[in-house]
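In our numbering, each residue's number is its place in the sequence shown (first place is 1) plus 27. Every residue gets a Cβ at the ideal spot worked out from N, C-alpha and C, and that includes glycine. These figures come from a predicted structure and were not determined experimentally.
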Amino acid sequence: MKNLAVLTSGGDSPGMNACIRAIVRSANHKNINTFGIQYGYNGLIKNNIKILLPEEVSNTIHIGGTILKSARSEEFFSKKGRKKAYQNLKMNNIDGMIVLGGDGSLTGAKIFGDEFKFNIIGIPCTIDNDVYGTDYSIGFATARETIVNSIDKIRDTAASHERIFIVEVMGRESGYLALESGVASGAELILIPENKNSMTDVINKLKKINNKKKSVIIVYAEGCKFGSLNEFSQKIKDSISNSNVRFSILGHIQRGGIPSPSDRILASILGYESINQIIKGKTNKMIGIKNQKPILINLDDVISKKKNVDLSLIEISNIISKY
Ligand code: ATP
28 MKNLAVLTSG
38 GDSPGMNACI
48 RAIVRSANHK
58 NINTFGIQYG
68 YNGLIKNNIK
78 ILLPEEVSNT
88 IHIGGTILKS
98 ARSEEFFSKK
108 GRKKAYQNLK
118 MNNIDGMIVL
128 GGDGSLTGAK
138 IFGDEFKFNI
148 IGIPCTIDND
158 VYGTDYSIGF
168 ATARETIVNS
178 IDKIRDTAAS
188 HERIFIVEVM
198 GRESGYLALE
208 SGVASGAELI
218 LIPENKNSMT
228 DVINKLKKIN
238 NKKKSVIIVY
248 AEGCKFGSLN
258 EFSQKIKDSI
268 SNSNVRFSIL
278 GHIQRGGIPS
288 PSDRILASIL
298 GYESINQIIK
308 GKTNKMIGIK
318 NQKPILINLD
328 DVISKKKNVD
338 LSLIEISNII
348 SKY
């Protein structure tokens, strides 16, 4: 292998730059050139591809977002779009590609690898941590820290005014971020889509908590189906007399920021390992982390299997967040 390409796709996540840096430097160590593709699959289709020199990734390990930019690409869903992408890789004499992204981006990578028999390695990068086959995705630890820092601040005001505060966190259909940040911030109630609660359950639990504690933090995963946060708050107000309810949507603040040391280390390990594996001829695989060691997982499994959250954490939280 002489030339390989790297792209970042889907939602950006802190630590992507640390991973790009590890890829470029590890490839250089093996005398392989790395080409950076800008704007994800859109850039690949538009031939937005240029060489990325080892010195160009200097001073990027601590920067959030992605220096390669990211995008969602409608065109890559079609065979016609993917064919253009393949032709551009061939034109640039590129014979392998490393894709950094979440489950959508990895699905696109798998389809592309199968279709054109192209060497592909995926690296899980998403704050949602919902990618099957890896304990952690790059960006999750930083987002979790951002959420916990935000909830700590919200707790001060919630306690001062004796409010019930609902904090909505990202995660699409997955409750990973909500669960771990809820436990770490001592939330009184954690609501995630994987743990089916009816509105009546929620109100009953809240009543019990509110009997003793007037200030309550509810961590609410965005994938929960209790209607809009306005409607959800109103239902609580209607059911618990004299309740003082507020909500806060943390939003895109969760995506940005300086990557945490653990995300930088994870990014460095996975980036380095992706080069080791692609030069061994491994393809259509994702590099993940299990028990702190890098592992290879078939992209087939990554995209067809669902990662389960550890519901025992909810049990623990239920017991230790009340008295
Ligand atoms: P995040 O979880 O952070 O949102 P993601 O990688 O899951 O990241 P998506 O928006 O789901 O983000 O996917 C990113 C891009 O991957 C899509 O815009 C599309 O270009 C490509 N992609 C996703 N699914 C497919 C598919 N089935 N076929 C081809 N390409 C796909």
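Residues with C-beta closer than 6 Å to any heavy atom of ligand 1, in chain order
The answer, residue by residue, is S36, G37, G38, Y68, R99, S100, F103, F104, G128, G129, D130, G131, S132, T134, G135, I138, T153 and D155.
Taking the Cβ atom as the reference point for each residue, do S97 and T153 lie within a distance shorter than 9 Å?
For S97 and T153, no; Cβs fall outside 9 Å.
So, helix, strand or coil for L233, using DSSP?
Here L233 carries a helix assignment [DSSP, helix/strand/coil].
Buried or exposed (CB count within 10 angstroms, at least 16 for buried), I343:
Under this definition I343 is an exposed residue.
Distance between beta carbons of M28 and I150, contact taken as under 8 Å:
Actually they do not touch by this definition, with Cβ atoms about 17 Å apart.
Which stretch, first to last residue, makes up the alpha helix (DSSP H) that contains E25?
In the structure as shown, the chain begins at 28 and stops at 350. Residue 25 is therefore absent and cannot be evaluated.
For Y203, is the classification buried or exposed, using 16 other Cβ atoms within 10 angstroms of its Cβ as the cut-off for buried?
Looking at its Cβ environment, which holds 16 or more other Cβ atoms inside 10 Å, Y203 is buried.
Residue environment, M118, which counts as buried when at least 16 other CB atoms sit within 10 Å
With fewer than 16 Cβ atoms within 10 Å of its Cβ, M118 is classed as exposed.
So if DSSP puts C251 in a beta bridge, which residue, or which two residues, is it bridged to?
Answer is none; C251 lacks a bridge partner.
Could you give the DSSP three-state label for I305: helix, strand or coil?
Three-state result, I305: helix.
Spell out the partners DSSP gives T35 in its beta bridges.
According to DSSP, which records beta bridges pairwise, T35 is partnered with L127.
Return yes when the Cβ of A32 is within less than 9 Å of the Cβ of I64, no when it is not.
Yes, they are a contact pair.
Which residues in the same chain as I47 place their Cβ atom closer than 8 Å to its Cβ, once the five residues preceding and following it in sequence are excluded?
Excluding residues within five positions, the ones whose Cβ falls inside 8 Å are V33, T35, G63, L79, V84, T87, T93, I94, L95, L127 and G298.
Report, in whole angstroms, the separation of the C-beta atoms of E215 and I276, which I expect to be a contact under 8 Å.
Not confirmed; about 19 Å, so no contact.
Quick check for students: name the residue ranges of the alpha helix (DSSP H) that lie wholly in the stretch 38–87, counting only runs of 4 or more.
If we require 4 residues or more, the alpha helix (DSSP H) runs fully inside the stretch 38–87 come out as 43–56 and 67–72.
6 Å CB neighbourhood of T134 in its chain, flanking five on each side removed:
Excluding the 5 residues flanking it on each side, T134 has same chain C-beta neighbours closer than 6 Å at I330, in chain order.
Taking the alpha-carbon of I138 as reference, which of G129, I267, N120 and F103 has the nearest alpha-carbon?
Among G129, I267, N120 and F103, the Cα nearest to that of I138 is on F103.
Note the first and the last residue of the continuous alpha helix (DSSP H) segment covering L340.
Per DSSP, the continuous alpha helix (DSSP H) segment holding L340 begins and ends at S339 to I347.
Helix, strand or coil for M351, going by three-state DSSP, please let me know.
A query on residue 351 cannot be resolved here, the shown segment of the chain reaching from 28 to 350 and no further.
Given a threshold of 16 other Cβ atoms within 10 Å of its Cβ, counted over all protein chains shown, does S339 qualify as buried or as exposed?
So S339 counts as exposed.
Please name the residue or residues paired with K317 in a DSSP beta bridge.
Checking the DSSP bridge columns, you'll see K317 partnered with K320.
Over what stretch of residues does the beta strand (DSSP E) that includes L95 continue unbroken?
Segment: none, L95 is in no beta strand (DSSP E) and carries neither H nor E.
Outcome for G278 when other beta-carbon atoms lying within 10 angstroms are tallied against a minimum of 16
Exposed is the call here.
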